[in-house]
Amino acid sequence: QILLQLALISQEKLLEATLDLARFQSPEARAIAKIGLANYFAGAALMPYKEFLETARMERHDLERLSSHFGVSIEQVAHRLSTLQRPGNNGIPFFFVRVDQAGTITKRHSATRLQFARFGGACPLWNVHRAFETPGQFLRQLAETPDGIRYLSIARDVTKGGGSFNAPLRRFAIALGCEVKHAEQLVYADGLDLARPDAFEPIGISCRLCERRSCHQRSVPPLERQLIIDENERDMLPYRVR
């Protein structure tokens, strides 16, 4: 909180100049973005770029060891890892996402080709949703998106206080992932067979954007595919995707 206030006071001109580039449509959106930028400054101050990147490489991106080393939360570590793309000294391109118990994405950042849907939930086959079932444990998943890109995804639940004794706890799940070509640089890849094609679970972005024809978890049809509906057939879905 102190670093957040320091950013708002000492970096006022830089924050405002950055916000001017975005051309926000409302003062409320601009104000929220300003807080987000100040929070980013605070995170970067706690986890300085060069030191954090070097330590991450040395520890093979072990989130718990990095959390202990820098005195920050596992969520803060995961988010910081997804931002290390400075030209000439970049880290692994990671994606980072946080979802609530309803499956709504509440925080996202991606330096990979995987981009999250702006509206609605994420793919139910993604391990981030299963993290709520295993509190305090890391889940590993080898996944493949419809474009054929393969990823290693790490997920874990996060619990935050509500601010008072009577306030309900806030529960989230976070996921951090990278393309499998970088996986051997992560401690979480140890023991996984990265060369076996059937080890990768097919996932998508969201049902509306996913064009997989035979997904048993599909909730709605894809936007840009025709449907085949046969009242004489009975399957998991009342239609087939052409």
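Numbering-wise (our numbering), the sequence shown opens with residue 48 and increments by one.
In this text, a Cβ means the ideal position worked out from N, Cα and C, and glycines have one as well.
Since this is a predicted model, take the numbers as computed values, not measurements.
Beta-ladder partner(s) of residue i, from DSSP
i: Ser200; result: Gln188, Gly224
i: Ala274; result: Just to set this straight, residue 274 is Leu in the shown sequence, not Ala. Leu274 pairs with Val288.
i: Lys207; result: Arg217
i: His156; result: Phe143
i: Thr151; result: Gly168
i: Ala249; result: This sequence places Pro at residue 249; Ala is not what is there. Its beta-bridge partners are Glu191.
Nearest neighbour of residue i, chosen from the options [CA to CA]
i: Ala54; options: Asp67, Ala76, Leu68, Ala92; result: Ala92
i: Ala202; options: Ala125, Lys81, Ala89; result: Ala125
i: Ser253; options: Gln273, Arg112, Leu51, Cys262; result: Cys262
i: Gly183; options: Arg218, Leu68, Gly150; result: Arg218
i: Phe99; options: Ile139, Gln52, Ala222, Arg165; result: Ile139
i: Asn174; options: Ala85, Leu199, Lys154, Arg155; result: Leu199
i: Arg187; options: Leu216, Arg265, Asp237; result: Asp237
i: Ile221; options: Glu101, Gln52, His176, Ala76; result: His176
i: Glu180; options: Leu51, Ile275, Gln148; result: Gln148
i: Pro244; options: Glu101, Val144, Asn213, Ile196; result: Ile196
Separation of residue j from residue i, as counted between CA atoms
i: Thr65; j: Pro269; result: 37 Å
i: Glu226; j: Glu271; result: 26 Å
i: Thr130; j: Leu239; result: 26 Å
i: Arg155; j: Pro285; result: 33 Å
i: Arg287; j: Arg70; result: 43 Å
i: Phe185; j: Asn86; result: 26 Å
Residue i, buried or exposed, once every other Cβ within 10 Å from all chains shown has been counted against 16
i: Met94; result: buried
i: Ile250; result: buried
i: Asp204; result: buried
i: Leu41; result: Outside the shown range of the chain, which is 48 to 289, sits residue 41, and nothing can be said about it.
If contact is defined by three or more beta carbon pairs under 8 Å, each pair taking one atom from either stretch, is the segment 81–92 in contact with the segment 102–109?
Flag = no, the segment 102–109 and the segment 81–92 do not touch.
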